[in-house]
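Here's the structure we're looking at; comments come further down.
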Amino acid sequence: MKEAIRIIGIDPGLRRTGWGIIETLGNSLRFVASGTILSDAKLDLASRLCQLHDGLAGVIHDQMPHESAVEHTFVNKDATATLKLGQARGIALLVPALAGLKVAEYAPNAVKKAVIGVGHGEKKQIHMMVKVLMPKAVFDTDDAADAIAVAICHAHHRQSAIGRLLIEQKLVAIA
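The opening position of the sequence shown corresponds to residue 5 in this note's numbering, with each subsequent residue numbered one higher.
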C-alpha cells in the first residue's frame, strides 16, 4: 500500500510567511495544518530573517513534510521592498533545502490555475476553492490560505510528473 506524501506549501513574505501542510495519496488531498510566521517590524532586517528562519524550521521539524513548494514573488515598483521580499523568499527556499527536502517553485499564475482553473483570479476565489477542495482546511491569514494553494499546486504538478516518468520508463522498457 502506498503512503501519503506530505507537502509543505510556503507563501514567503517579510512581515508574514504563510505555510500550509497537505497530504496527497493518489488523487486525494487532505488538509493537515497551516499557519503564519510573523516577523517583528521593529527589529532590524537580519533579526527578522532569523525569526522567519527559526519559525519555518520549527514547522518543518514538527510537521515532517516529504516535499516543499514555494511561490515565486512578483516584482514591486519599490526596489527596496522587492529586495527585502527576495531575502525572505531566500529563507523560504533555504530552510526546506537544509532539512533535505526537494524544493519546487511555482509562479502565482500557476498556483491560481491549479486551484481555480485559470491563471488570473482574486484572493477570495483562491480561498473559496481551497475550502471546496479541502473542506476541513483552516487558515489564520490570507498568507496561510495562499500557502495551502501552493501545496495543492505542487500536488497536482507532482502527479503529472510521476505520470510522465512512468510513461518514459515503459517506453524505455519496450525499446
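C-beta atoms are modelled at their ideal positions from N, C-alpha and C, and glycine is treated no differently.
Note that the structure is predicted; figures quoted are calculated from it, not measured.
Straight-line spacing of the CA atoms in Arg34 and Leu137 works out to 9 Å. Val63 and Ala83 have their C-alpha atoms some 30 Å from each other. In this structure Val122 does not touch Lys128 by the C-beta definition: roughly 14 Å separates them, more than the 8 Å allowed. A direct Cα-Cα distance of roughly 7 Å separates Ala149 from Gly24. A residue is called buried once 16 or more other Cβ atoms fall within 10 Å of its Cβ, and Ser43 is buried on that count.
With fewer than 16 neighbouring CB atoms inside 10 Å of its own CB, Met68 falls in the exposed class. Assignment of beta strand (DSSP E) within the segment 41–79, counting only whole runs of 3 or more residues, yields 71–75 in chain order. The DSSP-derived three-state label of Ala111 is coil. In the three-state reduction of the DSSP assignment, Arg93 falls in the helix class. For Leu29, the uninterrupted beta strand (DSSP E) segment begins and ends at Arg20 to Leu29. With a contact defined as Cβ atoms closer than 8 Å, Gly13 and Val154 qualify at about 3 Å. Selection Arg52, Val134, His161 and Leu29 evaluated against Leu89 yields Arg52 as nearest (Cα-Cα). A direct Cα-Cα distance of roughly 39 Å separates Pro139 from Asp48. Going by DSSP, Met132 is part of the alpha helix (DSSP H) stretching over Lys127 to Leu137. One thing to note: Pro16 has its Cβ no nearer than 8 Å to the Cβ of Val107.
Within its own chain, the residues whose Cβ lies closer than 8 Å to the Cβ of Arg10, once the five positions on either side in sequence are excluded, are Ile25, Ile26, Glu27, Val36, Gln67, Met68, Pro69, His70 and Glu71, listed in chain order. Listed in chain order, the non-local C-beta contacts of Ala8 below 6 Å within the same chain comprise Glu27 and Leu29, local neighbours out to five positions each way being set aside. Straight-line spacing of the CA atoms in Asn80 and Thr86 works out to 6 Å.
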